[in-house]
Structures are given as structure tokens and as C-alpha cells.
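Residue numbers (the numbering used here): 4 to 313. What follows is a set of notes on a single structure, which appears directly below.
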Amino acid sequence: MSSHWESFYATHLPPTDFEDNRKLLQDFCERHNRNNERIVLVTSGGTTVPLEHNTVRFVDNFSAGTRGAVSTEYFLERGYVTIFMHRLKSLQPFTRHFNGQKFMDMLELDERGPNTTITVKPDSVDVLAPILAQYKAAQENGRILYVSFTTVSDYFWLLRAACECLATFTTRAVLYLAAAVSDFYVPAHELPTHKIQSGGVAPNIQLQLVPKLLAPLVSLWVPHAFVVSFKLETDESILITKAREALNKYKHKLVIGNMLQTRRNKVVFVTPDNHYDLVLTREQLLKGMEIEEIIVANVVANHTDYIKMF
Ligand code: PMT
Numbered sequence: 004m005s006s007h008w009e010s011f012y013a014t015h016l017p018p019t020d021f022e023d024n025r026k027l028l029q030d031f032c033e034r035h036n037r038n039n040e041r042i043v044l045v046t047s048g049g050t051t052v053p054l055e056h057n058t059v060r061f062v063d064n065f066s067a068g069t070r071g072a073v074s075t076e077y078f079l080e081r082g083y084v085t086i087f088m089h090r091l092k093s094l095q096p097f098t099r100h101f102n103g104q105k106f107m108d109m110l111e112l113d114e115r116g117p118n119t120t121i122t123v124k125p126d127s128v129d130v131l132a133p134i135l136a137q138y139k140a141a142q143e144n145g146r147i148l149y150v151s152f153t154t155v156s157d158y159f160w161l162l163r164a165a166c167e168c169l170a171t172f173t174t175r176a177v178l179y180l181a182a183a184v185s186d187f188y189v190p191a192h193e194l195p196t197h198k199i200q201s202g203g204v205a206p207n208i209q210l211q212l213v214p215k216l217l218a219p220l221v222s223l224w225v226p227h228a229f230v231v232s233f234k235l236e237t238d239e240s241i242l243i244t245k246a247r248e249a250l251n252k253y254k255h256k257l258v259i260g261n262m263l264q265t266r267r268n269k270v271v272f273v274t275p276d277n278h279y280d281l282v283l284t285r286e287q288l289l290k291g292m293e294i295e296e297i298i299v300a301n302v303v304a305n306h307t308d309y310i311k312m313f
């Protein structure tokens with residue numbers, strides 16, 4: 004009898020761009036594995052659950068992809084080559100600094116002469132220059148690969164393909180699973196083909212449990228990698244218990260717990276032996292410091308200790 008996750012793959016087709024992404028993943032990993040580098044797979048953003056095959060409506064979640072996008076910049080800074088596996092149109096490393104009005108406010112428009120000119124404001128140059136330098140270094144040296152998903156099924160296919168390529172890195176691979184993956188879905192064979200009509204009675208939509216991919220991921224796909232999962236809760240009294248339950252169940256290395264309300268300034272690291280908080284002070288927040296800087300520093304330290312054990 005096949006397991007829950009195997010049945011999921013058997014009943015959900017890969018996304019149309021799957022083979023292209025698999026090839027990109029294979030080439031990227033082969034190139035960097037030859038150089039004995041450390042690699043991190045960052046998953047980022049939320050997955051959708053379509054309610055129709057020709058999707059007009061879907062169930063979604065709150066994740067903007069901030070955790071994953073910001074962490075990716077700090078992993079690159081620490082010398083890790085990075086696969087940024089993200090929800091299409093969610094926040095991305097580097098460009099996140101220029102989202103919305105922020106970018107417009109950095110520019111100056113001069114229409115006085117015969118030629119209109121657009122320049123970067125002098126005080127914005129200081130902000131832009133280091134980000135642009137880091138972006139160019141990552142891009143030009145091929146140190147980052149972007150692959151995207153939208154639905155929970157796309158996420159499943161892409162995650163397994165990434166793991167197949169990462170397995171050869173053994174202990175040099177980190178999986179940093181910050182995506183907010185849907186816990187409930189409507190199986191493909193139960194979806195209507197066309198848009199649900201609103202004329203009749205309100206639809207009764209039955210959701211089913213999504214299999215947890217951490218189980219095959221840790222035990223079968225990348226058994227030697229340093230796997231970090233995240234745990235989000237809204238009730239603080241259960242956060243550490245739930246994180247510890249995940250560690251006991253999946254036997255990976257680290258769970259980073261965070262609360263919906265305080266996730267930008269506080270997380271808890273839960274390992275098989277202990278747990279400790281990482282907190283940003285009000286002063287640090289006001290100075291623009293990001294909690295991902297210390298999260299990534301701590302993950303890297305834990306990963307280094309892990310590598311030394313072999
Ligand atoms: O994007 P932001 O707005 O910055 O928010 C960041 C975040 C709060 C989403 C992030 O920090 C976070 O906590 N992500 C995990 C959310 C969560 O609680 O996931 P979970 O309990 O459903 O799953 C636990 C872990 O298993 C996660 O690492 C998840 O990526 C992974 N998982 C979950 C389900 C599944 N089917 N397969 C998985 O791999």
C-alpha cells in the first residue's frame with residue numbers, strides 16, 4: 004500500500020514548467036557540487052489550494068515571503084550558494100528593498116532642460132549601492148537560482164526535484180523550510196473543471212489533509228542534510244511543544260518557532276537537546292536590523308557544528 008505522500012504524487016500531475024525547472028536545478032547543483040560548496044534551499048511564501056481546475060478561486064494564506072527573501076540575502080553573504088524556491092510574485096531577495104513607492108521615492112525627475120533626466124537621489128545611493136553590489140555578485144557568479152511555485156501541488160513536485168539534486172551535497176546542504184505550506188486541500192479528482200457558479204446553493208467544499216513532506220524528505224530524500232523547519236503558531240503556550248513534537252516525529256535537526264504577531268522580532272530555536280530565544284531589541288529594530296541576520300548566523304553556526312561531527 005502506498006503512503007499518503009506517494010498517493011499525492013500519483014494523483015497530481017507535475018506543473019507544466021516542471022521539466023525546465025528540474026533541468027535548472029540539476030545544472031545548478033552539479034556545477035556547485037564540483038566546487039565542494041555549501042548550499043541552502045530556502046522555501047518561501049505560501050502555497051495556494053485551487054478550488055477549480057480552471058482556477059478562478061483558491062484558498063491562500065498570509066505569508067508574504069519576507070522570511071525567505073531576507074534570509075536568502077544573509078545566506079549568500081555567508082558564502083552559501085542558494086536555491087530560492089518561492090511563491091510566484093512573493094517577495095524576492097534584493098528587489099524587496101525597492102517594492103512599491105520605496106523605489107519611486109529614491110528617484111529624482113528633472114524636466115527643465117531639453118532632455119528629461121532621471122537620477123538616483125544622493126542619499127539613496129548609499130542605500131542602493133551595497134544592495135546592488137550584492138545582487139550583481141550573486142547573479143553574475145551564478146550563486147543563486149530562482150524557482151517558483153503557486154499551488155501546493157507545484158510545491159510538492161519542485162521540493163522533491165530539488166531534494167534529488169541536493170542529496171549529493173550530503174552534510175553540506177541546508178534545507179531552510181520557511182514556506183507556509185497549505186495544511187488542507189481539495190484533491191485534483193474532486194475539483195470541478197470550470198468556475199463554481201454562484202446562482203444555485205452555496206457550495207459545500209470538503210478539505211482533506213495535505214501529507215507532511217518532512218517525513219520522506221528527512222528519512223529518504225536528503226538523509227544527511229541539515230534540515231531546518233519552521234513552526235508558526237498564534238498561541239504561545241503550545242509553540243515549543245509543537246516544535247518538539249515535530250523534531251521527535253521527523254528526526255531532523257532544528258525547528259525555528261515563531262508567533263504570527265511577533266515573528267519580525269522574536270523566534271525560538273528548538274533543537275533535540277534544548278531551546279533558546281533570539282530577540283531583537285526595540286533599538287535594533289529602529290536601526291533597521293532584521294531578525295533574519297541573527298537567525299541565519301545561528302543556523303550557519305549549528306550547520307558548521309553538524310558538519311564537524313562527520
Ligand atoms: O513569509 P512571512 O510573512 O515572512 O512569514 C514567515 C512564516 C511565518 C510563514 C515562516 O517564518 C514560518 O513559520 N513558516 C512555516 C509555517 C508553518 O507553521 O508551517 P507548518 O506547521 O504547516 O509546517 C512545518 C514545516 O513543514 C514548515 O517548515 C513547512 O515548510 C514544512 N511543510 C509543511 C507541510 C507540508 N506538506 N510539507 C512541508 O514541507
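The beta carbon of each residue, even a glycine, is placed where N, CA and C say it ideally should be. All values reported here derive from a predicted model rather than from experimental measurement.
Burial state of residue i, where buried means 16 or more other Cβ atoms lie within 10 Å
| i | result |
| --- | --- |
| Cys95 | Note on residue identity: the sequence assigns Gln, not Cys, to residue 95. The residue is buried, with at least 16 neighbouring Cβ atoms inside 10 Å. |
| Thr237 | exposed |
| Ser201 | exposed |
| Asp157 | buried |
| Ala176 | buried |
| Lys234 | buried |
| Gly291 | exposed |
| Thr122 | exposed |
| Ile298 | buried |
| His3 | The requested residue 3 is not part of the displayed model; the chain covers only 4 to 313. |
| Glu293 | buried |
| Glu193 | exposed |
| Glu111 | exposed |
Inter-residue spacing [alpha-carbon to alpha-carbon] between residue i and residue j
| i | j | result |
| --- | --- | --- |
| Asn24 | Thr85 | 15 Å |
| Thr196 | Gly82 | 46 Å |
| Lys245 | Asn301 | 21 Å |
| Ser127 | Met109 | 6 Å |
| Ala182 | Ala249 | 16 Å |
| Glu286 | Leu217 | 37 Å |
| Ser329 | His306 | Nothing about residue 329 can be reported from this structure: the residues present for the chain run from 4 to 313 only. |
| Leu180 | Val204 | 40 Å |
| Ser232 | Asp113 | 49 Å |
| Phe187 | Lys311 | 39 Å |
| Glu9 | Thr173 | 23 Å |
For residue i, three-class secondary structure by DSSP
| i | result |
| --- | --- |
| Lys234 | strand |
| Asp113 | strand |
| Asp276 | coil |
| Pro53 | strand |
| Leu223 | helix |
Nearest-angstrom Cβ-Cβ length linking residue i and residue j, presumed shorter than 8 Å
| i | j | result |
| --- | --- | --- |
| Thr284 | Leu257 | About 24 Å separates the two Cβ atoms, so there is no contact after all. |
Chain D within 9 Å of residue i, Cβ atoms only
| i | result |
| --- | --- |
| Glu33 | Among the protein chains of the structure shown there is no chain D, as only one such chain exists. |
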